[in-house]
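For reference, each letter of the sequence shown is one residue, going 156 to 307 in the numbering used here. Built from N, CA and C at the ideal position, the CB exists for glycine as well. Please read these numbers as outputs of a predicted model, since none were measured by experiment.
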Amino acid sequence: MKVDFEHVSTVGLESSPVAESLAGLRANEARYYMNKYKHEFTVVPAAESQDTLDYVDRILKEERGLEISAKPLETSRFQVENIKMAYVFYQSGLSVNVMYAVDDPKKRAVGFKLSEGMEVPLELEGKFRFARQKSKLAGTIRGSFFVIKGEY
Numbered sequence: 156m157k158v159d160f161e162h163v164s165t166v167g168l169e170s171s172p173v174a175e176s177l178a179g180l181r182a183n184e185a186r187y188y189m190n191k192y193k194h195e196f197t198v199v200p201a202a203e204s205q206d207t208l209d210y211v212d213r214i215l216k217e218e219r220g221l222e223i224s225a226k227p228l229e230t231s232r233f234q235v236e237n238i239k240m241a242y243v244f245y246q247s248g249l250s251v252n253v254m255y256a257v258d259d260p261k262k263r264a265v266g267f268k269l270s271e272g273m274e275v276p277l278e279l280e281g282k283f284r285f286a287r288q289k290s291k292l293a294g295t296i297r298g299s300f301f302v303i304k305g306e307y
C-alpha cells in the first residue's frame, strides 16, 4: 500500500492505541523519501513480510540483545541510491528502521521513533536517550539510534 502523506490514513494501523500519531509518523517517513529521493514509500502487512521482520529482529538481537515485544503491524523494505532501508511499524506506536549503506560501513544504523502518546518501550528504557523533533504530520516524535557494527 502506498503511504499518502497528503491525506494521512490509519489503514493498517487501526489496532494501535496511538493509531493517529503512528499514521502521522508513517506519513512523515513517506514525505521524507519522496522529497529527498523521489521514492514512493509503500508498506505491506507484517504477516506478509516475514523476511523483513526476521532481518530487523536479527540485527536488533545480534547488535544489542534487543527483542521488541510489541506486535508488528506493517513493514517496508526498499533501496534508495546506495542505501538499503527496512522499516517495521509496531502496534505500540514504535517504528524501527534499519539504514544500511551497501558501500559504507560508517553509514549503517538502527533508528527508533516513538509515536506521540506512547511510553518508551521497556526493552528500550534506560538504554537510549530520545531526542524530540516536531512534525506537522506526527506531532512530537521522539527518536534515537545506534550504529550497526556487524555485516548483514
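- If the five residues before and after A225 are omitted, its C-beta is found closer than 7 angstroms to the C-beta atoms of Y245, Q246, S247, L249 and P276, all from its own chain and listed in chain order.
- According to DSSP, Y245 shares a beta bridge with P227.
- Residue burial is scored here from C-beta neighbours: T230 has at least 16 other C-beta atoms within 10 angstroms and is therefore classed as buried.
- Of the candidates P200, S204, I238 and M254, the residue whose Cα lies closest to the Cα of F301 is M254.
- Judged by DSSP in its simplified three-state form, L221 adopts coil rather than helix or strand.
- In the three-state DSSP reduction, M273 falls in the coil class, being neither helix nor strand.
- For A185, the uninterrupted alpha helix (DSSP H) segment begins and ends at A174 to Y192.
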